[in-house]
Amino acid sequence: MEEYLNRGIKEIIKEFPKIGEILDGYGIGCAPCSVGTCLLKDIVEIHDLSPEDEQEMMGRIAGIIYPDRKMEIPLRKKKTHTNKEIKYSPPLKKLVDEHRLIKRWVALIPGIIKKVDVERADDRTLVLSGVEFIQQYADRYHHAKEEDILFKYFDEEQDVIKAMLEDHKKARSHVRALLKGLEERNNAAVKEHLRAYAELLTEHIKKEDEILYPWMDRQLTIGQIGTLFTKFGEVDMKHQDLHKNYEKIIDRFVTE
Amino acid sequence: MNGFNGCPGSKTMELRKNNEEEENTGKITSHLRQWPIQMHLISPTAPYYQGADVLLTADCVAYALGGFHRDYLKGKSIAIACPKLDEGQEMYVKKIKSWIEDAKINTLSVLIMQVPCCMGLVGLAREAARQSDRKIPIKQTVVGLEGDILKEEWLSA
Ligand SMILES: [Fe+2]
Ligand SMILES: [Fe+2]
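If you read the protein sequences in the order shown, they are chains A and B.
According to our numbering, the first sequence is numbered sequentially starting from 1041.
According to our numbering, the second sequence is numbered sequentially starting from 10.
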């Protein structure tokens, strides 16, 4: 079993597709992940199942890998197990609140896709204002907090972090393609990259809210939580009205 | 009859007697790095509070929590108080506010016992935080009579 705990999940699922289904049953959606290099043992650690669920799941996985060996999976005692509503530390709660605004913008995208026609100047302005939000708020403000501050508290060579950075990069490339589509008056390209951006960010935020941040909260010391909070506060001071302004803009968007 | 049936904070209870098997041998290091520690005696701007992670601990906690020094006090500064018996607690609010605003402490951890009167200490910390312009993360930890951690949660910053 040890050998498999230290293997990348994509590789394991490729060899034993049934394991992807088992993980899925416990709310661990690794099968469709675009990266999939996380080690099985890290995935188990990060998802923080209850000791009983973890024991049961590992038993079923062992049964798939070694169908003719009877394996006893011990019940693992754990320090923290957060099953109910997630309670974030104050700095991570700030990021979750920022996600909320990003999600509100993402929720508007399907409506925009339906009616947008890049031949019309008004529609181009509309898409550009959305791009501006993505660049100013989602990327230069929020993703920068993650990349320049939060992730620095962790080993960035870890696959979980690499997967998040990869998502940020993909988001940027969709924005570039979107701008190119606007310039070339290519309706199909604009719609396609808006759709892809919305899909990517929805998944990305869900991963961060439900898995990455709670895991990070369990790793950080109280001293680190304090300095993280201060550093985020300094960034917020520099971008004082950014959040409020975009909140207003999105409110207006919704009513229009 | 087991004690009296009034306030659960002072109800008489006998806890486990046999824990010789976990006795450590050898000297256990103290992690206390300051004096004084009583809330009326401390100065909130003393050097060891500057930018520190501070524990505000109910008096009884250190006796109940077996690993207090190693798991909680280590690397932190401390003040102790009893929210049930101490007088002049308005002064405590002022001192906590001064920790946050003047000593610019990094975090505040409030450690209390599970008895209801202990919640008063969390109330003092909340009030001081409300009065402060500077915000910091504040954590509340509730310790059971048998030294177990019953609850650990962040109060909103
Ligand atoms: Fe992110
Ligand atoms: Fe994020």
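C-beta: ideal position from N, C-alpha, C; glycine also.
Find the residues of chain A that neighbour residue i, judging by a C-beta separation of less than 7 Å, and give them in chain order.
i	result
Lys148 (chain B)	Ile1262
Asp62 (chain B)	Ile1262, Gly1263 and Gly1266
Since residue i meets chain A, which of its residues come closer than 8 Å, beta carbon to beta carbon?
i	result
Ser165 (chain B)	Pro1130 and Lys1133
Ser118 (chain B)	Ile1262
Would you identify the three-state DSSP class for residue i, choosing helix, strand or coil?
i	result
Ser1213 (chain A)	helix
Glu1274 (chain A)	helix
Thr116 (chain B)	strand
Met10 (chain B)	Only weak support exists for where Met10 (chain B) lies, its pLDDT of 39 falling under 50; the value from the coordinates is given anyway. Coil at Met10 (chain B), not helix or strand.
Ile46 (chain B)	coil
Ser107 (chain B)	helix
Arg1047 (chain A)	coil
Ser1169 (chain A)	helix
Ala1184 (chain A)	helix
Met1098 (chain A)	helix
Asp1088 (chain A)	coil
Glu1196 (chain A)	coil
Val1156 (chain A)	coil
Glu1206 (chain A)	helix
Met1111 (chain A)	coil
Asp142 (chain B)	coil
Ile1290 (chain A)	helix
Leu1132 (chain A)	helix
Leu1079 (chain A)	strand
Gln149 (chain B)	strand
Ser86 (chain B)	strand
Leu154 (chain B)	coil
Lys160 (chain B)	strand
Ile121 (chain B)	strand
Asp1163 (chain A)	helix
Ala137 (chain B)	helix
Ala67 (chain B)	strand
Asp95 (chain B)	coil
Asp62 (chain B)	strand
Find the residues of chain B that neighbour residue i, judging by a C-beta separation of less than 8 Å, and give them in chain order.
i	result
Lys1127 (chain A)	Glu162 and Trp163
Interface residues of chain B around residue i at Cβ under 9 Å?
i	result
Phe1269 (chain A)	Asn115, Thr116, Lys144, Ile145, Pro146 and Ala166
Quick one: Cα of residue i to Cα of residue j, how far?
i	j	result
His1183 (chain A)	Ile1251 (chain A)	17 Å
Tyr1128 (chain A)	Pro1254 (chain A)	7 Å
Thr1295 (chain A)	Ser118 (chain B)	44 Å
Val1136 (chain A)	Asp1199 (chain A)	21 Å
Leu1234 (chain A)	Leu1218 (chain A)	7 Å
Arg1144 (chain A)	Pro53 (chain B)	44 Å
Lys1246 (chain A)	Arg42 (chain B)	43 Å
Tyr1087 (chain A)	Val152 (chain B)	Sequence check: residue 1087 (chain A) is His here, not Tyr. Cα-Cα distance, rounded: 27 Å.
Val66 (chain B)	Trp108 (chain B)	One point to set straight first is that residue 66 (chain B) is Thr, not Val, in the sequence displayed. Near 15 Å, if we compare the C-alpha coordinates of Trp108 (chain B) and Thr66 (chain B).
Gln1095 (chain A)	Gly1067 (chain A)	15 Å
Ile1105 (chain A)	Gly129 (chain B)	55 Å
Ala1147 (chain A)	Ile51 (chain B)	53 Å
His78 (chain B)	Ala61 (chain B)	16 Å
Val1171 (chain A)	Arg1212 (chain A)	10 Å
Lys113 (chain B)	Tyr1177 (chain A)	29 Å
Glu1287 (chain A)	Arg1047 (chain A)	44 Å
Tyr58 (chain B)	Ile87 (chain B)	8 Å
Lys1154 (chain A)	His1208 (chain A)	26 Å
His1283 (chain A)	Cys127 (chain B)	38 Å
I want to check one thing, is the minimum distance from the CB of residue i to the heavy atoms of ligand 1 below 7 Å?
i	result
Glu1248 (chain A)	yes
Glu1232 (chain A)	no
Met1256 (chain A)	no
His1214 (chain A)	no
His1183 (chain A)	yes
Identify the contact partners of residue i in chain E, using a Cβ-Cβ distance below 7 Å as the criterion.
i	result
Ile1265 (chain A)	This model lacks chain E altogether, as its protein chains are A and B.
Is residue i near ligand 2, judged by its Cβ being under 7 Å from some heavy atom?
i	result
Glu1196 (chain A)	no
His1139 (chain A)	yes
Ile1245 (chain A)	yes
Glu1206 (chain A)	no
Glu1187 (chain A)	no
His1283 (chain A)	no
Leu1135 (chain A)	yes
Contact defined as beta carbons within less than 8 Å: I believe residue i pairs with residue j. What is the distance between those atoms, to the nearest angstrom?
i	j	result
Thr116 (chain B)	Gly1266 (chain A)	4 Å
Val1275 (chain A)	Lys1202 (chain A)	Going by Cβ atoms, the distance from Val1275 (chain A) to Lys1202 (chain A) rounds to 23 Å, so no, they are not a contact pair.
Val70 (chain B)	Ile121 (chain B)	7 Å
Asn1227 (chain A)	Asp1157 (chain A)	6 Å
Gly156 (chain B)	Gly84 (chain B)	Contact flag wrong, Cβ pair sits at about 21 Å.
Does ligand 3 have a heavy atom nearer than 7 Å to the CB of residue i?
i	result
Glu1239 (chain A)	You won't find ligand 3 in this model; what it holds is ligand 1 and ligand 2.
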